[in-house]
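Here the structure is laid out as structure tokens; the discussion comes afterwards.
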Amino acid sequence: MRLLLKTDTVRKRLKVVGIAVISLAVLFWYAGNLQADKTPYELKEAAQTLRLTVTLRIVGGLVIAWAVISLLRFGRRWRARQETINAMPGILLSIAVPRSLGDDVRDQTDFWRRLSSYLPRPDELPCPHISFEISGTRDVVLYSIFIPGMEGLEHSLREEVVREWPGAQLRELVISPDDVPPAQRHRVFPDPAGFGGYQKPVVAWNNFRLAGKDSLPLHEDTGRGTRGKDPVEAFLGALSAIDTEMTVGIQFHVRPALAAFRERWQKEVQRTENRAAKMKQAKQPVLKSFLEPARLLESRLDKATAIWEVGMRVWAASEREQETDHGLERLSRVLLAQTRGKHNHLVVADTGRDPISVQERHYPASGGVLLTDVELGRLIHLPSAAVAEPYKKLYRAGSTDLPPDPRGVVRDPASSRIYGMYTHNTGEKVYFGHDPEFTRMGTFIAGATGTGKSTVLANIVIQDFMNGAGGLVLDPHVDFVREVMRNVPPDRLEDVIVYDIRDRQPPLYNICLAAHGLGAAATVESIMGAIQVVMEANWAGAVRMQEILRNAFFLSVGALGERASLIQVDKLLKDEFFREDLIAAIRDPVQYGATIDFWRQNFAGWNETEKTQAVTIALRRLNALTSRPAVRRSLAMPMNTLDLAAELNRGRLILVPLHVSMG
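For the sequence shown, the residue numbers in the numbering used here are 7 to 669.
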């Protein structure tokens, strides 16, 4: 079995160095032998030549020993480097299968054909590859793709998955959800190969290789006529017969093949055709079986845009060894039977019992099967709607359709918020959701990971937006904003405002004017509420700090009016003269009398230590909003270019992505 770690560049360098070293060693050794073949009489006459013979033999032996040691050390270092690269952290994504997919398997070839342009050359590092896995139990099926730790590949692969399977949802797989912060758990899914309902599962696996030459095709046809031997369909059928506590899966480790493989195949076709031409010139009979392998190979090359090296592994895991072996044997038989072609087939290459965790989904160090993108698309794909129809239970974790509560059936679907549709046995279709009067009330959506909460929320946002209602979306993970933007009709994009404070020129929204039209008291309380959210549990005990901040905001609003801002509040807390100027600028001493008394009497009566300590604590809380450039640039300036209330009343959709880097 060939080693896949070797690359074109390394092979060429090793070949040149090896030939040079061996040639030099042979030359020294041969020169020594020439001297050794002389007679004793001749040796007496050439004592100096004898010393030269010994020297040449010693030098030749040392050169050979040095070459062997150098090659061994180089191989050890290369293997250690490759293992380090394979161990680089990557991302494993779970694909939630959409309800409807195209029925033509040939469409799946386009996915791998496009993907080949994103992966770097196979002789570059880190080792470029994609791992596609189908795994599950008789209750649920998971489809996942592993993305190695290569910059830029994750984003490209996400886009291609969504493009290939519209409606697919991507979630990151983890060994245990306990290792993930609670705020991030809705974006992950537990890895079935890393843990399950058992603490120490017995895991067994089989690797596969081609039985014949890799130039012979594994599949000849990828049309509808071969749908009866669909490996994915057979795998789904095998799941329905396994034990309920068992987890099984099929992994495909895929990487672009070296260009040398295509060149070797092309030379093989050319050699066969040349031999056939010579046989015809010699008037020798040319058997059809002699040319058939070359014609099959030429046909594969004509159809293929890319050639891939594919490592195949079937695994099973359960609490008991006997059940694990039984599940592994059943699934292996399915894969062998469904991939057996007229000219080639798979056989088990090796087996093992080590666990298969998220971190270990890297390209194997050795072994592999050469497949074209056409063959790969035939072998690895999400099942179409026709294939998935008998196995609906597998995609929905054992749930069945239930008729909706009559109270949830909407009267007017055109103006209502629709959550779904149900078809009765009579063929009547009813829509369930919320009528317009209920959409003005709060809606709480709960569900386990992967049940479609984000999809429902995105549909709610788009439906309300299309019905003329304004909306404000706060997304702490950014992905939801992108999902909503993908579903906005092109003719309504002008009514969408993306308020991203990380932009260099974001819309300016002065939070000191959030409730300016409702009076100074409402304005100050809205600002204090924002600071309270930042402080969380420490708010109740910081009475003096609240007093200082509240009077500082009252002073700023009363003296500056619409020019009040967080920057001005920060300055009046630090600068006593500026604070006195603001007090003198207040035009309504009756309304702001309590604020004036606080600064001129209460605050002035404190000693310097008390003043410094109180102001420092207040500034520390205020700095949570003013110290970050992005927040200060967008929320703390004394001007307003975005009127939230006015935009919402116009029916605009405002999307606010809250990036993780904001804290």
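Ideal Cβ placement from N, Cα and C applies to all residues, glycine included.
* Asked: Measuring CB to CB, does Val147 end up less than 8 angstroms from Leu242?
  -> Stepping through the sequence shown from its first residue, residue 147 is reached at position 141. Stepping through the sequence shown from its first residue, residue 242 is reached at position 236. For Val147 and Leu242, yes; Cβs fall inside 8 angstroms.
* Asked: Is Trp314 helix, strand or coil by DSSP?
  -> As a working note, residue 314 is residue 308 in the sequence shown. In this structure, Trp314 counts as strand in the three-state DSSP scheme.
* Asked: Is there contact between the stretch 528-539 and the stretch 550-560, where contact requires at least three CB pairs shorter than 8 angstroms?
  -> As far as the Cβ criterion goes, the stretch 528-539 touches the stretch 550-560, which means the pair count is three or higher.
* For Phe584, verify whether its CB is less than 7 angstroms away from any heavy atom of the ligand MG. => This structure simply doesn't include the ligand MG, nor any ligand for that matter.
* Using three-state DSSP, classify Pro412 as helix, strand or coil. => Here residue 412 refers to the residue found at position 406 of the sequence shown. Looking at Pro412 - three-state DSSP - the assignment turns out to be helix.
* Asked: By a C-beta neighbour count over all protein chains shown, 10 Å radius and 16 as the cutoff for buried, is Ser405 buried or exposed?
  -> Mapped onto the sequence shown, residue 405 falls at position 399. Caution applies to Ser405, whose pLDDT of 38 falls short of 50 and renders its modelled position unreliable; the model cannot decide the point.
* Asked: Which residues in the same chain have their Cβ closer than 7 angstroms to the Cβ of Pro595, if we skip the five residues on either side of it in sequence?
  -> Counting from 1 along the sequence shown, the entry for residue 595 is found at position 589. So the list reads Ile602, once near-sequence residues are dropped.
* Answer yes or no: do Tyr437 and Ile451 have a C-beta to C-beta separation smaller than 8 angstroms? => Taking the sequence shown and counting its residues from 1, the one referred to as residue 437 is at position 431. Taking the sequence shown and counting its residues from 1, the one referred to as residue 451 is at position 445. No, the pair does not count as a contact, with Cβ atoms beyond the cut-off.
* Other residues of its chain near Glu653: CB distance less than 8 angstroms, five sequence neighbours each side excluded -> Residue 653 sits at position 647 when you count from the first residue of the sequence shown. So the qualifying residues of the chain are Gly476, Ile503, Ile660.
* Sequence-distant residues of its chain with Cβ nearer than 6 angstroms to Pro412 (five each side left out) -> Along the sequence shown, read from residue 1 onward, the residue named residue 412 stands at position 406. Spatial neighbours of Pro412 in its own chain (CB-CB distance under 6 angstroms, excluding positions within 5 residues in sequence) are not present.
* Which value, in whole angstroms, describes the spacing of the CA atoms of Ile313 and Val490? -> Sequence index remark: in the sequence shown, residue 313 carries index 307 (1-based). Sequence index remark: in the sequence shown, residue 490 carries index 484 (1-based). Using only the alpha carbons, I get a separation of about 37 angstroms.
* Is the beta carbon of Tyr598 less than 8 angstroms from the beta carbon of Phe559? -> Taking the first residue of the sequence shown as position 1, residue 598 is located at position 592. Taking the first residue of the sequence shown as position 1, residue 559 is located at position 553. No, the pair does not count as a contact, with Cβ atoms beyond the cut-off.
* Would you report the Cα separation of Glu165 and Pro495, rounded to the nearest angstrom? -> Residue 165 sits at position 159 when you count from the first residue of the sequence shown. Residue 495 sits at position 489 when you count from the first residue of the sequence shown. Approximately 19 angstroms, taken between the alpha carbons.
* Report the partner residues of Gln257 according to the DSSP bridge assignment. => Mapped onto the sequence shown, residue 257 falls at position 251. Residue pairing of Gln257 in beta bridges, as defined by DSSP: Glu139, Arg319.
* Compare the C-alpha of Ala265 against each of Thr278, Ala310, Gly255 and name the closest. => Position 259 of the sequence shown, counted from the start, is the residue given in the question as residue 265. Of the candidates Thr278, Ala310, Gly255, the one whose C-alpha sits nearest the C-alpha of Ala265 is Ala310.
* To which residues does DSSP link Asn212 through a beta bridge? -> Within the sequence shown, the letter at position 206 stands for residue 212. DSSP output for Asn212 lists Val320, Thr357 as bridge partner(s).
* To do: Note down the Cα distance separating Leu297 from Tyr428, rounded to an integer number of angstroms.
  => Taking the sequence shown and counting its residues from 1, the one referred to as residue 297 is at position 291. Taking the sequence shown and counting its residues from 1, the one referred to as residue 428 is at position 422. Looking at the two C-alpha atoms, the distance is approximately 58 angstroms.
* Asked: Any idea what DSSP makes of Ser338, helix, strand or coil?
  -> Here residue 338 refers to the residue found at position 332 of the sequence shown. In the structure shown, Ser338 sits in a helix (DSSP, three-state: H, G or I).
* Asked: Ends of the beta strand (DSSP E) at Asp481?
  -> Taking the sequence shown and counting its residues from 1, the one referred to as residue 481 is at position 475. From DSSP, the beta strand (DSSP E) with Asp481 extends over 477-481.
* Terminal residues of the alpha helix (DSSP H) in which Pro237 lies -> Looking up residue 237 in the sequence shown gives position 231. The continuous alpha helix (DSSP H) containing Pro237 extends over residues 237-245.
* Closer than 8 angstroms by C-beta to Val415: which residues in its own chain qualify, once you throw out the five before and the five after it? Chain order, please. => Numbered from its first residue, the sequence shown carries residue 415 at position 409. Counting only Cβ-Cβ distances below 8 angstroms, and skipping sequence neighbours, we find Val436, Tyr437, Phe438.
* To do: For Gly383, count neighbouring C-beta atoms within 10 Å of its own C-beta (all shown protein chains included) and say buried if the count is 16 or more, exposed if not.
  => For this step, residue 383 is matched to residue 377 along the sequence shown. Classification for Gly383: buried.
* Could you say if the stretch 255-262 and the stretch 315-334 meet the contact criterion of at least three C-beta pairs nearer than 8 angstroms? => The count of Cβ pairs closer than 8 angstroms, one atom from the stretch 255-262 and one from the stretch 315-334, reaches three, so the stretches are in contact.
* **Residue span of the alpha helix (DSSP H) that contains Arg488, given as start and end** => As a working note, residue 488 is residue 482 in the sequence shown. For Arg488, the enclosing alpha helix (DSSP H) begins and ends at 485-492.
* When the Cα atoms are used, what is the spatial distance from Lys399 to Ala244? -> On the sequence shown, position 393 is the one that residue 399 refers to. On the sequence shown, position 238 is the one that residue 244 refers to. With a pLDDT of 42 at Lys399, under the threshold of 50, the modelled position of this residue cannot be trusted, and the question is left open.
* Asked: Alpha carbon to alpha carbon, how far is Ala86 from Ala323?
  -> In the sequence shown, the residue the question calls residue 86 occupies position 80. In the sequence shown, the residue the question calls residue 323 occupies position 317. Near 29 angstroms, if we compare the C-alpha coordinates of Ala323 and Ala86.
* To do: Tell whether a beta-carbon distance below 8 angstroms holds between Trp605 and Ile589.
  => Walking along the sequence shown from the start, residue 605 turns up at place 599. Walking along the sequence shown from the start, residue 589 turns up at place 583. In terms of Cβ geometry, Trp605 and Ile589 form a close pair [threshold 8 angstroms].
* State buried or exposed for Pro663, treating a residue as buried only when at least 16 other CB atoms are found within 10 Å of its CB. => Reading the sequence shown from its first residue, position 657 is the one you call residue 663. So Pro663 ends up on the buried side.
* Asked: DSSP beta-bridge partners for Thr429?
  -> Start at 1 with the first residue of the sequence shown, and residue 429 comes out as number 423. Note: Thr429 is bridge-paired with Lys435 in the DSSP secondary-structure output.
* Going by DSSP, which residues form a beta bridge with Val575? -> The residue you call residue 575 lines up with position 569 of the sequence shown. For Val575, DSSP records no beta bridge to any residue.
* With a cut-off of 8 angstroms on the beta carbons, I'd call Gly347 and Leu224 a contact; round off their distance for me. => Within the sequence shown, residue 347 is the residue found at index 341, counting from 1. Within the sequence shown, residue 224 is the residue found at index 218, counting from 1. The distance from the Cβ of Gly347 to that of Leu224 is about 5 angstroms, consistent with a contact at the 8 angstroms cut-off.
* Asked: What did DSSP end up calling Val504 once you bin it into helix, strand or coil?
  -> To locate residue 504, count along the sequence shown from 1; it is residue 498. The three-state secondary structure of Val504, taken from DSSP, is strand.
* **Secondary structure of His332, DSSP reduced to three states** => Working through the sequence shown from its first residue, we reach residue 332 at position 326. Of the three classes helix, strand and coil, the one that applies to His332 here is helix, per DSSP.
* Could you give the C-beta distance for Gly564 and Ala610, rounded to a whole number, given that I count them as a contact under 8 angstroms? -> Working through the sequence shown from its first residue, we reach residue 564 at position 558. Working through the sequence shown from its first residue, we reach residue 610 at position 604. At roughly 18 angstroms, the Cβ-Cβ gap does not stay under 8 angstroms, so Gly564 and Ala610 are not in contact.
* Asked: Exposed or buried, what is Gly81 when buried is set at 16 or more other beta-carbons lying within 10 Å of its beta-carbon?
  -> By one-based count along the sequence shown, residue 81 stands at place 75. A residue is called buried once 16 or more other Cβ atoms fall within 10 Å of its Cβ, and Gly81, having fewer, is exposed.
* Asked: Just the Cα atoms here: how many angstroms apart are Phe583 and Arg498?
  -> Residue 583 sits at position 577 when you count from the first residue of the sequence shown. Residue 498 sits at position 492 when you count from the first residue of the sequence shown. Between Phe583 and Arg498, the alpha-carbon positions lie close to 51 angstroms from each other.
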